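The sequence shown lines up with residues 65 to 416 when you count with this note's numbering. Below is one structure; the comments refer to it alone.
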Amino acid sequence: MKILITGGAGFIGSHLVRRMVDNYPEYQIYNLDKLTYAGNLENIKDVENKPNYHFIKGDIADLEFIRSSFSQYGFEGVIHLAAESHVDRSILDPLAFVTTNMVGTAVLLQVAKENWKDDFDGKLFYHVSTDEVYGSLGDEGFFVEETPYDPRSPYSSSKAGSDHLVRAWGHTYGLPVKISNCSNNYGAYQFPEKLIPLFINNIVNRKPLPVYGRGVNVRDWLWVEDHAAAIDLIFHKGTIGETYNIGGHNEWKNIDLIKLLCQQMDKKLQRPEGSSEQLITYVKDRAGHDMRYAIDAGKIKKELGWSPSVTFEQGLSKTIDWYLENRQWLDNVTSGVYQAYYKEQYIKRQNP
Ligand code: NAD
Ligand code: TYD
């Protein structure tokens with residue numbers, strides 16, 4: 065089977081590409097990625113010479129390029145992860161999110177349909193999405209697959225739009241589609257704009273830890289390799305036309321997570337207890353900041369037997385170890401344009 069994975073040079077995509085290349089030598093895996101600031105071929109260096117791995121550089125929103133890639137390689141399955149993925153960037157530059165997340169998804173769906181329409185048998189378009197499409201929860205309750213969509217940031221609304229497009233191509237044209245909506249991921253190779261790697265990097269460099277608002281927002285954290293395992297399972301065993309929620313049953317208030325991270329970092333860096341916590345700095349809140357996300361992952365557990373393999377404490381510890389052992393990776397991705405983003409995003413926030 066020839067499988068196109070989009071966004072395979074990014075955080076989650078790189079874990080999925082590695083898993084698929086290693087576990088399925090009989091598949092040909094094509095990683096198509098534009099290599100934006102978030103895409104980095106270093107993330108998948110260990111598989112680049114494997115005979116069943118191929119890299120294609122390009123933009124999913126470029127219709128003619130996607131058409132020619134399909135004709136050239138004859139993909140039979142698509143696992144679509146390429147996206148603009150960071151909420152804060154979506155507040156600064158929303159139109160880039162509409163172009164990649166919505167136009168890019170529509171282009172892929174349309175070209176898959178053009179290529180597969182005479183025989184949908186054995187074909188699959190699997191779309192990887194987020195729990196943020198469901199909006200924000202109060203103190204109680206969980207997102208289930210039937211929760212009505214209520215996205216509230218340019219990021220989450222562009223992802224919600226992409227989910228609707230996928231369902232429309234499934235419903236209208238009979239394209240075989242699957243969707244999963246996952247909670248917040250953490251782990252190796254995550255770009256240090258997201259909470260956990262950003263704070264690890266700042267602790268290493270003794271820089272302030274910018275906590276938005278009062279730090280009381282809640283996220284449900286899942287180790288990235290458990291997400292990749294869930295995608296693999298859904299791709300192979302999930303039912304066509306279905307949606308699966310993926311989550312860790314692992315809710316943390318930001319400030320509690322940050323304190324745990326600080327404690328683990330002090331130990332690992334052999335710094336005096338409490339020294340990382342002194343870096344905590346409360347800054348102006350994110351505009352439209354969603355209060356709480358929490359996934360009910362009962363369906364994927366019951367139907368496909370998936371559940372997370374590590375506790376949060378274990379996953380976080382492994383994650384910190386990886387960043388400490390790969391400081392060169394962190395230094396490389398935080399040089400150059402990262403500095404300009406950091407200034408724009410954080411310097412203005414320092415004095416709320
Ligand atoms: P990421 O930002 O780390 O990686 C995105 C990748 O997509 C990068 O390699 C980038 O170069 C590529 N890309 C961006 N625009 C492109 C374009 N126009 N054409 C081709 N490639 C392009 O993102 P991530 O955190 O790995 O997320 C991957 C997917 O999973 C996204 O669809 C995201 O919405 C979803 N998701 C992420 C999380 C999370 O916590 N990170 C949780 C749930 C769902
Ligand atoms: P993030 O990793 O950006 O994921 P998302 O917004 O998609 O959930 O942020 C996780 C939480 O951490 C979110 O409530 C915002 C908060 N946060 C901070 O307090 N400071 C920061 O510098 C960042 C990046 C996030």
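Note that beta-carbon positions come from the ideal geometry of N, C-alpha and C, so glycine has one too. Computed from a predicted structure; not experimentally measured.
CA-CA distance, lysine 363 and proline 240? When rounded, the distance between both Cα atoms is 20 Å.
Which listed residue (Lys242, Ile264, Leu273) has its alpha carbon closest to that of leucine 297: Lys242
Rounded to the nearest angstrom, what separates lysine 66 and glutamine 92 at their Cα positions? 5 Å
Quick one: give me the first and last residue of the alpha helix (DSSP H) that proline 261 is part of. Per DSSP, proline 261 belongs to the alpha helix (DSSP H) from 259-268.
Could you check which residue in Tyr190, Asn104, Glu204, Met355 has the C-alpha nearest to that of tyrosine 276? Of the listed residues, the one whose Cα sits closest to tyrosine 276 is Met355.
Any non-hydrogen atom of the ligand TYD within 7 Å of leucine 380 CB: No.
Where do the N-terminal and C-terminal ends of the alpha helix (DSSP H) with asparagine 87 fall, by residue? 75-87 is the span of the alpha helix (DSSP H), which, as asked, contains asparagine 87.
Which first and last residues belong to the beta strand (DSSP E) in which arginine 283 is found? 282-287
Kindly indicate the opening and closing residues of the alpha helix (DSSP H) around glutamate 408. It spans 401-410 - the alpha helix (DSSP H) in which glutamate 408 sits, taken as one unbroken run.
So the candidates are Asp330, Tyr198, Ile69, Gly74; which of them puts its Cα closest to the Cα of phenylalanine 255? Gly74
Check each candidate in Ala146, Thr169, Arg153, Glu140 and name the one with the smallest Cα separation from aspartate 182. Glu140
Just list the residues that DSSP pairs glutamine 328 with in beta bridges. Glutamine 328 is not bridged to any residue.
Presumed contact (8 Å Cβ cut-off) between tryptophan 285 and tyrosine 250, rounded CB distance: 6 Å
Would the beta-carbon of valine 275 be found less than 7 Å away from any heavy atom of the ligand TYD? yes
Could you pull the DSSP bridge partners for threonine 194 from this structure? Cys246
C-alpha distance - alanine 224 paired with aspartate 395, whole-angstrom precision: 34 Å
Please find out if some non-hydrogen atom of the ligand TYD comes closer than 7 Å to the beta-carbon of arginine 350. Flag set: Cβ of arginine 350 near the ligand TYD.
Collapsed DSSP secondary structure at proline 416 in the structure displayed: Caution is warranted here: a pLDDT of 47 is assigned to proline 416, below 50, making its placement in the model unreliable, and the coordinate value is therefore given only provisionally. Three-state DSSP puts proline 416 in coil, outside helix and strand.
Hey, would you say serine 222 sits closer than 8 Å to glycine 312, going by beta carbons? no
Would you mind reading off the limits of the beta strand (DSSP E) that contains histidine 313? Per DSSP, histidine 313 belongs to no beta strand (DSSP E) and is neither H nor E.
By Cβ distance below 8 Å, which residues in the same chain neighbour lysine 177 in space, the five residues on each side in sequence not counted? Trp233, Tyr237, Leu239
Tell me whether glutamine 342 is buried or exposed, calling it buried when 16 or more other Cβ atoms sit within 10 Å of its Cβ. exposed
Whether leucine 262 touches isoleucine 322 by CB criterion (8 Å): no
Cβ atoms of glutamate 209 and threonine 307: under 8 Å apart, would you say? yes
With contact counted as at least three CB pairs below 8 Å, one residue from each stretch, are the segment 101-119 and the segment 155-172 in contact? The segment 101-119, when compared against the segment 155-172, does not touch it at the 8 Å Cβ threshold.
Do you know how far the Cα of leucine 99 is from the Cα of phenylalanine 129? Going from the Cα of phenylalanine 129 to the Cα of leucine 99 covers about 15 Å.
When you measure from the CB of isoleucine 76 to every non-hydrogen atom of the ligand NAD, does any distance come out below 7 Å? Answer for isoleucine 76: yes, Cβ within range of the ligand NAD.
What residues in its chain sit with their C-beta under 6 Å from that of alanine 292, if we drop five residues either side in the sequence? His79, Leu80, Arg83
Isoleucine 411 classed as buried or exposed, judged by whether at least 16 other C-beta atoms fall within 10 angstroms: exposed
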